[in-house]
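Its first residue numbered 12, the sequence shown is counted upward by one per residue in the working numbering.
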Amino acid sequence: MPLTPEAMDQGLQYFQMDGKAVYETATQALPKAIQQVLTDTGLTIDDIDLMIPHQPSIKILQATAKAIGLPFDARSAESDRLIRFKMTATSP
């Protein structure tokens, strides 16, 4: 949609996110995607020692870990956050 004065008057120039819908979608899609990768590779969750997903929401990470039966480790989530920040800061 082109940005017009009318659209700006309605506040449509701002990004809006439905947090509940994002949470619901992510907590359904991520476990399914992880299970598909495990199936495709012939692995089980017991073969995984550490997973560092690229997902900024701790709540989504916790729910996903519970759904797939992998213990949640906040340190891995923090490591991913720090890695992303460092990559962003050093990217040209």
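Built from N, CA and C at the ideal position, the CB exists for glycine as well.
Note that this is a predicted model, so its numbers are computed, not measured.
Alpha-carbon to alpha-carbon, I63 and K97: With a pLDDT of 47 at K97, under the threshold of 50, the modelled position of this residue cannot be trusted; read the value that follows with caution. Each residue's alpha carbon lies about 16 Å from the other.
Give me the Cα-Cα distance between I71 and L54, rounded to the nearest whole angstrom. 23 Å
Round the Cβ separation of T75 and L23 to the nearest angstrom and send it over; I've been treating them as touching at under 8 Å. At roughly 32 Å, the Cβ-Cβ gap does not stay under 8 Å, so T75 and L23 are not in contact.
Just to confirm my understanding: we take T38, look at its own chain, exclude 5 residues before and 5 after, and list those with CB closer than 8 Å. What are they? I71, A74, T75, A78
Between S68 and T15, what straight-line distance do the alpha-carbon atoms span, to the nearest angstrom? 33 Å
Please state whether DSSP places Y34 in a helix, a strand or coil. helix
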